[in-house]
Amino acid sequence: MLKKLYEFKRELEDRHTFFCFSGPISQELVVEIGNTLEQKMNLEKASRTTILRVFSMVVEEAQNIIRYSDEKCPPDGAEGDAEELSFGVVAIGYEDGHYFVSCGNLVERRKVGKLREKLNRLKEMNKDEIKEYYKKQRRKGPDAGSKGAGLGLIEMARKASRPIEFDFRDADEQFSFFAVKTII
Numbered sequence: 001m002l003k004k005l006y007e008f009k010r011e012l013e014d015r016h017t018f019f020c021f022s023g024p025i026s027q028e029l030v031v032e033i034g035n036t037l038e039q040k041m042n043l044e045k046a047s048r049t050t051i052l053r054v055f056s057m058v059v060e061e062a063q064n065i066i067r068y069s070d071e072k073c074p075p076d077g078a079e080g081d082a083e084e085l086s087f088g089v090v091a092i093g094y095e096d097g098h099y100f101v102s103c104g105n106l107v108e109r110r111k112v113g114k115l116r117e118k119l120n121r122l123k124e125m126n127k128d129e130i131k132e133y134y135k136k137q138r139r140k141g142p143d144a145g146s147k148g149a150g151l152g153l154i155e156m157a158r159k160a161s162r163p164i165e166f167d168f169r170d171a172d173e174q175f176s177f178f179a180v181k182t183i184i
């Protein structure tokens, strides 16, 4: 592992990624990521608006992991009073004059089709269509099985300066790794 750590660091640098976290995600961690992100972006003389936009996207994507990652600790059925944690990956970088936020987590393979359909629908919409779709979904309320307002992916599409990029990779027979990238 030690020998690979430098290679991993170089890979992140080659991909213009200045922050990366992999592990259990919590609200407290998101706050700390935000504090660190704000310090770094202030040092780089980023505008307050840009800092807020990037942090807002980090929050949205981290919330997606917290609510929907199917990799949990303790796993389903574990006993005890401890609150379960969701596992995922968050990466933030700057490339071609824009900040980006990427996140990923495991999802059950049976959920991939519906998720891919939602993302493809959003990818095909222009900004005005996304805005109208957002309003419609807010009035409609959350989908069955949604653990939030059901607006997270739509929020990401609204806040992004380009269409959302996404990918699904089979992890094993039960899970796929879902990755999403937004450009701010």
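In the UniProt record's numbering, the protein residues as written are 1 to 184. Just so you know, even glycine gets a beta-carbon here, dropped at the ideal spot from N, CA and C. Bear in mind that the values here come from a model prediction, so they are computed numbers and not experimental data.
Local conformation of residue i per DSSP, three classes
| i | result |
| --- | --- |
| Asp167 | strand |
| Ile92 | strand |
| Gly34 | helix |
| Lys72 | strand |
| Lys181 | strand |
| Gly23 | strand |
| residue 194 | Since the first residue of the chain shown is 1 and the last is 184, residue 194 is not available in this structure. |
Proximity below 8 angstroms, CB of residue i to CB of residue j
| i | j | result |
| --- | --- | --- |
| Glu60 | Glu132 | no |
| Met120 | Phe178 | Before going on, a small fix: residue 120 reads as Asn here, not Met. No, they are not a contact pair. |
| Ile184 | Ala160 | yes |
| Met41 | Thr50 | yes |
| Val180 | Cys103 | yes |
| Gly97 | Val58 | no |
| Ile66 | Ser86 | yes |
Backbone CA spacing between residue i and residue j [nearest angstrom]
| i | j | result |
| --- | --- | --- |
| Arg110 | Tyr68 | 13 angstroms |
| Tyr99 | Lys127 | 19 angstroms |
| Met125 | Phe168 | 21 angstroms |
| Ser22 | Gly88 | 6 angstroms |
| Lys118 | Arg138 | 16 angstroms |
Per DSSP, cross-strand counterpart(s) of residue i
| i | result |
| --- | --- |
| Tyr6 | In DSSP, Tyr6 forms no bridge with anything. |
| Arg86 | Reading off the sequence, residue 86 comes out as Ser, not Arg. BP columns for Ser86 point to Ile25 and Lys72. |
| Phe175 | Glu108 |
Neighbour flag for residue i against chain C, beta carbons, 8 angstroms
| i | result |
| --- | --- |
| Val58 | Protein chain content of the structure displayed is limited to a single chain, and chain C is not contained in it. |
Going residue by residue through the stretch 101-143, where are the continuous beta strand (DSSP E) segments of at least 3 residues, counting only ones entirely within it? none
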